[in-house]
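Sequential numbering from 89 applies to the sequence shown in my numbering.
A virtual CB, placed ideally from N, CA and C, is assigned to each residue, including glycine.
These numbers were taken from a predicted model, which means no experiment stands behind them.
Scroll down for the structure; my scribbles are underneath it.
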Amino acid sequence: MDRDAQIDAFQRHLNVSRETIARLEAYEAILKKWNPSINLVSKSTLDQIWRRHFLDSAQLWGHKPAKARKWLDLGSGGGFPGLVIAALAADIAPDLTVTLVESDLRKATFLTKASQDMQISPKIHITRAEHLEPQAADVISARALAPLAKLLDYAERHAAPDAIGLFSKGESHESELTEARKYWTFEVQKTPSVTGSGGVILEIGGFGRV
């Protein structure tokens, strides 16, 4: 799928403003500029950024509770999904605070510079999730960070009452759910990823230790 077709597909799913598209175009430009130096995404996916990374991240927006005011993204890396969520929030929900957590200094520096280019202001913490002071977040997200059982360990520290976790997972998600249930009780809703490939969005609520 060529770039224009990818952007059209993104718009069909999200119906965002021209300003949001412009922010993501700025993100695309700096991502391609920095990627050879610090390997933010696989080189093979660079020509599919809008589908493999932007749309894959943005689809989480539809799971956000209406009353959510704090969104915490763990292990943000190259900014997925957190920086995409922050770009959407800038126009759609400006009262939503988006916080990115990344322990790698080079990647955190990228997130800061990308935010500036996109003219958005997420909070960025250069630390590990387990070392960050509790955030009382309404939504906690992560992509390719850790198995589900470990993600819930991180989420417990930072969750507000009635918080949900939104975790992008691949074909092995059932085995992760089985393993997580050894240590946690939770409710889960599984939504197939709009980008295909057997991936799902796991919406986890009511989680607590066994």
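Across the set A234, K201, A230, S281, the C-alpha of K201 shows the shortest separation from the C-alpha of Y115. If you draw a 10 Å sphere on the C-beta of Y271, you find fewer than 16 other C-beta atoms in it, and that means exposed.
The closest CA to that of A97, considering only P222, T283, S203, is found on T283. Per DSSP, S229 is one residue of the beta strand (DSSP E) stretching across 225 to 231. The C-beta distance from V298 to K257 rounds to 21 Å, too long to meet the 8 Å contact threshold. Residue range 211 to 213 is occupied by the beta strand (DSSP E) that includes I212.
With a cutoff of 8 Å on beta-carbon distance, V276 and L254 are scored as not near each other. As computed with DSSP, I252 is found in a beta bridge with V227, G293. L188 is positioned such that its CB atom lies no closer than 8 Å to that of D205. Within the segment 96 to 128, the runs of alpha helix (DSSP H) at least 4 residues long that lie entirely inside it are, in chain order, 106 to 126. Leaving aside the five residues that flank A156 on each side, the residues in its chain whose CB is nearer than 6 Å to its CB run, in chain order, D226, V227. Close CB contacts of A224 within its chain, under the 6 Å cut and outside five residues either way in sequence, are with A248 (chain order).
Closest option to G296, judged by alpha-carbon separation, among T266, E244, S263: E244. Spatial neighbours of H151 in its own chain (CB-CB distance under 6 Å, excluding positions within 5 residues in sequence) are listed in chain order as L254, E291. Boundaries of the alpha helix (DSSP H) harbouring E262: 261 to 268, taken from the DSSP string. Per DSSP, T197 is one residue of the alpha helix (DSSP H) stretching across 193 to 206.
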